[in-house]
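For what it's worth, the UniProt record's numbering labels the leading residue of the sequence shown as 1, then goes sequentially. Backbone N, C-alpha and C fix where the C-beta goes; we use that ideal spot for every residue, glycine too. Fair warning: this is a prediction, and the values are worked out from it, not measured in the lab. One structure is given here, and the rest of the page talks about it.
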Amino acid sequence: MKIYVGNLSYQTDSQNLSSLFERMGQVDSAQVVTDRDTGRSRGFGFVEMANDQEAYEAIQNLNGTEFEGRRITVSEARSRNTQGGYGERRYNNGPRRERRY
């Protein structure tokens with residue numbers, strides 16, 4: 001299961017993130033997302049855990065805890081496809097009206 005980790009310290013690296021989650025179970029991968037221009041952390045990352053049960057326990061136990069001086073947010077990662085896009089947004093929230101001339 002892929003886990004989103006937010007509000008990370010800008011000094012947190014992928015190894016530190018992996019070490020945090022290894023206490024909860026087997027970590028397949030851990031990645032702190034960095035800015036492609038500066039190489040600096042963007043303050044969030046993803047952890048992939050092999051066992052879903054261990055992943056859910058990690059989410060419950062680590063969400064809202066302090067890590068490297070910051071209170072982190074931990075939740076199940078959502079795929080980009082389910083977040084919607086600008087094309088699906090309706091600003092007036094009302095039905096479309098037919099134009100009558």
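Within the UniProt domain "RRM" (1-79), the runs of alpha helix (DSSP H) at least 4 residues long that lie entirely inside it are, in chain order, 14-22, 52-62. The shortest C-alpha to C-alpha distance from Glu54 to any of Glu76, Ile72, Ser41 is the one to Glu76. In the pairwise beta carbon analysis, the stretch 39-52 is classified as touching the stretch 11-25: at least three pairs are separated by under 8 Å. A direct Cα-Cα distance of roughly 56 Å separates Asp52 from Arg100. Inter-residue distance for Ile59 and Arg23 is about 12 Å (C-alpha atoms, whole angstroms). In this structure, the straight-line span from the alpha carbon of Phe46 to that of Ile72 is close to 12 Å.
Taking 8 Å as the upper bound for CB-CB distance, Glu68 and Asn16 are in contact here, some 7 Å apart. Annotation for Gln26: Met49, Ala50, Asn51, Glu54 place their beta carbon closer than 8 Å to its own, counting only its chain and skipping 5 residues before and after.
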